[in-house]
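Undergrad: Shown below is the structure under consideration.
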Amino acid sequence: NFFLYVFDQIVKKMIVIVILISFHTIKITMDHLAYVKVNIQRYPLPNVALKGEATQSSTLSFASASKAIDGRRNSFYSNGFCSHSTEETNPWWRVDLQQSFRITAVKITNRGDCCAERLDGAEIRIGNSLENNGNNNPRCASISHINTGQTSTYQCDGGSMVGRFVNVFLPGQKKTLTLCEVEVYAAQAGKALSDWI
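Once you know that position 131 of the sequence shown is 131 in full-length UniProt numbering, the rest is easy, because the numbers rise by one and skip nothing.
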């Protein structure tokens, strides 16, 4: 119960409290009210990438795709914490979330020991198709630039997108894709975002 009644019959009026929180509206209507205590806790959405399976178009040395979903934002490739493709045309990285989610944000950590500009122009794509390795799914956002070793957050147009596969796709020739962490924050696709509040 949200209501703590301290007085009864003292205040004879109707009070409507409208609380807007994220995507959810809570209406509390009370009569005979003097004092009400409302406790609302908002729980963050989980990083569902941690339970996913990652793959990429190619792998340089020890820098497997799974390095980008190990839960660590260590941005030094030389320490073995980043995924890395070879130099190629249109490199890509993908995480399979194992089921469809309503994705609200993707966080990407760029390489910290060099080459921050290599990620410029990459696209985040989200959907349920594996056509063209998932790179034909709708675009959530484009990465203009992430500074060396920094983490940037990308929210899809319209607030959220539904999909099982999250791709980072870098169009162009002679490109190298390095990702030191990819985080995907989402709710189950059949679950309203308000259920997490």
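Note that the Cβ used here is the ideal one computed from N, Cα and C, for glycine as well.
Just so it is clear, the structure is predicted and the values come from calculations on it, not from any experiment.
#1: Measuring alpha carbon to alpha carbon, tell me which of L45, P91 and S83 ends up nearest N172.
#2: Shortest alpha-carbon distance to R72 belongs to which of T151, G190, T59 and Q155?
#3: What does the alpha-carbon distance come out to for the pair E131 and P138?
#4: Where does K174 sit, in a helix, a strand or coil, going by DSSP?
#5: In chain order, what residues of the same chain lie with their CB nearer than 8 angstroms to the CB of N147, ignoring the 5 residues before and after it?
#6: What does a CB cutoff of less than 7 angstroms around N1 pick up in its chain, not counting 5 residues either side in sequence?
#7: What first and last residue would you give for the beta strand (DSSP E) that runs through S100?
#8: I'd like to know whether the C-beta atoms of A63 and S78 end up nearer to each other than 8 angstroms.
#9: In chain order, what are the residue ranges of uninterrupted beta strand (DSSP E) at least 3 long that sit wholly in the segment 103-174?
#10: Would you identify the three-state DSSP class for L60, choosing helix, strand or coil?
#11: Buried or exposed for S142, please, with buried defined as at least 16 other CB atoms from any protein chain shown within 10 angstroms of its CB.
#12: Taking the continuous beta strand (DSSP E) assigned at A186, which residues delimit it?
#13: For S83, list the residues DSSP reports as bridge partners.
#14: Excluding the five sequence neighbours on either side, which residues of its own chain have a C-beta within less than 7 angstroms of the C-beta of T55, listed in chain order?
#15: Less than 8 angstroms between the CB atoms is what I'm expecting for L179 and I108, so what's the real figure, rounded?
#16: Might you give, ordered along the chain, the residues of its own chain that have their beta carbon closer than 8 angstroms to the beta carbon of D96, omitting 5 neighbours on each side?
#17: Is the distance from the Cβ of T176 to the Cβ of R118 below 8 angstroms?
#18: Tell me the rounded alpha-carbon separation between Q155 and S61.
#19: Have a look at F76, Q98, L170 and T59 and flag the residue whose alpha-carbon is nearest the alpha-carbon of A186.
#20: Would you say G149 and G112 are within 8 angstroms of each other, going by their C-beta atoms?
#21: Quick one: what's A68 bridged to in DSSP?
TA: For this structure:
#1: The sequence position of residue 172 within the sequence shown is 172, counting from 1. Correcting the residue identity first, residue 172 is Gly in this sequence and not Asn. Of the listed residues, the one whose Cα sits closest to G172 is P91.
#2: Against the sequence shown, residue 72 aligns to sequence position 72. When each option's Cα is compared against that of R72, the closest is T151.
#3: Within the sequence shown, numbered from 1, the residue matching residue 131 stands at position 131. Within the sequence shown, numbered from 1, the residue matching residue 138 stands at position 138. Cα to Cα, E131 sits roughly 12 angstroms from P138.
#4: For the purposes of this step, residue 174 is taken as the residue at position 174 of the sequence shown. Looking at K174 - three-state DSSP - the assignment turns out to be coil, as it is neither helix nor strand.
#5: Position 147 of the sequence shown, counted from the first residue, corresponds to residue 147. Once the five neighbours on either side are set aside, the close Cβ partners of N147 are N110 and A116.
#6: Here residue 1 refers to the residue found at position 1 of the sequence shown. Reliability of the predicted coordinates at N1 is poor, the pLDDT of 30 falling under 50, and no value is obtained from them.
#7: Within the sequence shown, numbered from 1, the residue matching residue 100 stands at position 100. Counting along the chain, the beta strand (DSSP E) containing S100 begins and ends at W92 to T109.
#8: Within the sequence shown, residue 63 is the residue found at index 63, counting from 1. Within the sequence shown, residue 78 is the residue found at index 78, counting from 1. No, these two residues do not count as a Cβ contact at 8 angstroms.
#9: 123-127, 139-142, 151-154 and 161-169
#10: Residue 60 sits at position 60 when you count from the first residue of the sequence shown. Reduced to three states, the DSSP call for L60 is coil.
#11: Here residue 142 refers to the residue found at position 142 of the sequence shown. By the neighbour-count rule (16 or more Cβ atoms within 10 Å), S142 is not buried but exposed.
#12: In the sequence shown, counting from the first residue as 1, residue 186 sits at position 186. Here the beta strand (DSSP E) through A186 covers E181 to Q188.
#13: Locating residue 83 in the sequence shown gives position 83, where the first residue counts as 1. DSSP output for S83 lists L179 as bridge partner(s).
#14: Walking along the sequence shown from the start, residue 55 turns up at place 55. Excluding positions up to five away in sequence, the list reads A65 and R94.
#15: Counted from its first residue, the sequence shown places residue 179 at position 179. Counted from its first residue, the sequence shown places residue 108 at position 108. Their Cβ separation, rounded to whole angstroms, is 6 angstroms, which keeps L179 and I108 in contact under 8 angstroms.
#16: If you number the sequence shown from 1, residue 96 lands on position 96. Hits under 8 angstroms: G52, E53, A54, T55, R164 and F165.
#17: Within the sequence shown, residue 176 is the residue found at index 176, counting from 1. Within the sequence shown, residue 118 is the residue found at index 118, counting from 1. Taking 8 angstroms as the Cβ cut-off, T176 and R118 qualify as a contacting pair.
#18: Within the sequence shown, the letter at position 155 stands for residue 155. Within the sequence shown, the letter at position 61 stands for residue 61. Computed Cα separation, rounded: 32 angstroms.
#19: On the sequence shown, position 186 is the one that residue 186 refers to. Here the closest residue by C-alpha is Q98.
#20: Position 149 of the sequence shown, counting from 1, holds the residue named residue 149. Position 112 of the sequence shown, counting from 1, holds the residue named residue 112. Their beta carbons are under 8 angstroms apart, which means G149 touches G112 by this criterion.
#21: Taking the first residue of the sequence shown as 1, we reach residue 68 at position 68. DSSP, once it has assigned bridges, lists no residue as partnering A68.
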